[in-house]
């Protein structure tokens, strides 16, 4: 999967996470990210969502939210989106480092560069 395709999928997931819940969000509690991270009853859902998003590599079928409680489900969704963003940033950073390493090989051909995943 090329970087553009992955970015497109991540953007779609983030947009759909916030987009398709617009009508029902008004009825839901509007939890903030900090509430999800700090409230002891919600941070597990946030953490599981973050981990699922970070490790999903942008594949929509790995989005698995089994929380029935409205607040926990919302925290899972916030965590999932944040995990996707963190994963995309890591991938972007790794690509930048690789490009920089390749450029530095012009001056030092013995330098070894590791391709990003």
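In the numbering used here, the protein residues as written are 132 to 248. Ideal Cβ positions, reconstructed from N, Cα and C, are used throughout, including at glycine.
Neighbour-count burial assignment, residue i, 16 or more Cβ in a 10 Å radius
i: residue 234; result: exposed
i: residue 179; result: buried
i: residue 171; result: exposed
i: residue 186; result: exposed
i: residue 212; result: buried
i: residue 223; result: exposed
DSSP state of residue i mapped onto helix, strand, coil
i: residue 246; result: coil
i: residue 171; result: coil
i: residue 164; result: helix
i: residue 250; result: Because the chain here runs from 132 to 248, residue 250 falls outside it and cannot be looked at.
i: residue 182; result: helix
i: residue 177; result: helix
7 Å Cβ shell around residue i - same chain, five flanking residues per side excluded
i: residue 242; result: 232, 235 and 236
Extent of the continuous alpha helix (DSSP H) run through residue i
i: residue 233; result: 201 to 235
Spatial neighbours of residue i in its chain, beta-carbon cut-off 8 Å, leaving aside the 5 residues before and after
i: residue 229; result: 244, 245, 246 and 247
Close Cβ partners of residue i (< 6 Å) along its chain, the five nearest in sequence each way excluded
i: residue 164; result: 209
>> Does the structure place the segment 201 to 208 close enough to the segment 236 to 247 that three or more beta carbon pairs sit under 8 Å?
In response: Taking 8 Å as the limit for Cβ pairs, the verdict is that the segment 201 to 208 does not touch the segment 236 to 247.
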